[in-house]
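Heads up, the thing below is written out as structure tokens.
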Amino acid sequence: KEATVEVHGSVWDESNQYAMTLAKDPDCLYVHPFDHPDVWEGHESLIVEVKQQLPCPPDVVVASVGGGGLLCGVIQGMQRVGWGHIPVVAMETEGADCLNVSLRENKVATIPAITSSAKSLGALTPCTQVFELCKKYKVISKLCTDKQAVDACLKYADDHRQLVEPACGASLAAVYSGILNDLQAQGQLGEIKSALIVVCGGSSVTLDALSKWKKDFEL
Numbered sequence: 001k002e003a004t005v006e007v008h009g010s011v012w013d014e015s016n017q018y019a020m021t022l023a024k025d026p027d028c029l030y031v032h033p034f035d036h037p038d039v040w041e042g043h044e045s046l047i048v049e050v051k052q053q054l055p056c057p058p059d060v061v062v063a064s065v066g067g068g069g070l071l072c073g074v075i076q077g078m079q080r081v082g083w084g085h086i087p088v089v090a091m092e093t094e095g096a097d098c099l100n101v102s103l104r105e106n107k108v109a110t111i112p113a114i115t116s117s118a119k120s121l122g123a124l125t126p127c128t129q130v131f132e133l134c135k136k137y138k139v140i141s142k143l144c145t146d147k148q149a150v151d152a153c154l155k156y157a158d159d160h161r162q163l164v165e166p167a168c169g170a171s172l173a174a175v176y177s178g179i180l181n182d183l184q185a186q187g188q189l190g191e192i193k194s195a196l197i198v199v200c201g202g203s204s205v206t207l208d209a210l211s212k213w214k215k216d217f218e219l
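So, in structure tokens, the structure goes:
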């Protein structure tokens, strides 16, 4: 309520660097958006609450990845509720794919720049915790294009009357662009009777932005 929001930089890493300089003030407190156990524990509650509401476990869980805080919480929450056997599909857009690059290189890697429209996924480096969890548990890292992410946002708006941003559209693209079906055909996923898609947000989306993306990608 009393907060002042200041926009700085073109990607999260630039904003974070600026925030760290502000945090040198003894009256300031720095809260990391994705690389802290308290953040992961907060996201865990999502899975705990979903388990209480679902009649049976899903066959697959899908979540978007930026720096990895949400995915850390999802994976830890699944371990907590006994869903550790269920595969997780970690979705990123091309050009904001630090986790996918890290897993392919088998080390925590830093990508040179964010070229994706999904700016909320714009961390250059994933947190170490998400890298370790993805190596330990059944996590499938997949990419979609910006066009697929925006197309998913548009279709989700038609289907559910809610606006979400491309960072969230990355997860929705797993369904709307047939990525889950492709994984089934490749033998990486089994039968899917139900899928849990984490619809993670739309605080940075507007009707004007969605219309512009639709025009830009000729959708």
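The opening position of the sequence shown corresponds to residue 1 in full-length UniProt numbering, with each subsequent residue numbered one higher.
All C-beta atoms in this analysis are idealised placements derived from N, C-alpha and C, irrespective of residue type, glycine included.
With distances taken between CA atoms, residue 176 lies nearest to 158 out of 25, 50, 189, 158. Selection 77, 180, 68, 169 evaluated against residue 50 yields 77 as nearest (Cα-Cα).
Rounded to the nearest whole angstrom, the CA to CA distance from residue 96 to residue 112 is 10 angstroms.
When the five nearest sequence neighbours on each side are left out, the beta carbons in the same chain lying within less than 6 angstroms of the beta carbon of residue 12 are those of 122, 123, in order along the chain. Bounds of the alpha helix (DSSP H) holding residue 98 are 98 to 105. Between residue 53 and residue 26, the alpha-carbon positions lie close to 43 angstroms from each other. For residue 149, the closest of 132, 174, 133 by C-alpha to C-alpha distance is 174. Cβ neighbours of residue 39 within its own chain (closer than 6 angstroms, five residues either side excluded): 69.
Residue state for residue 46 is assigned as helix, using DSSP reduced to three classes. One thing to note: residue 99 has its Cβ no nearer than 8 angstroms to the Cβ of residue 56.
Residue 62 carries a strand assignment under DSSP once its states are collapsed to helix, strand and coil. Look at residue 117 here: in three-state DSSP terms it is coil, with no helix or strand label.
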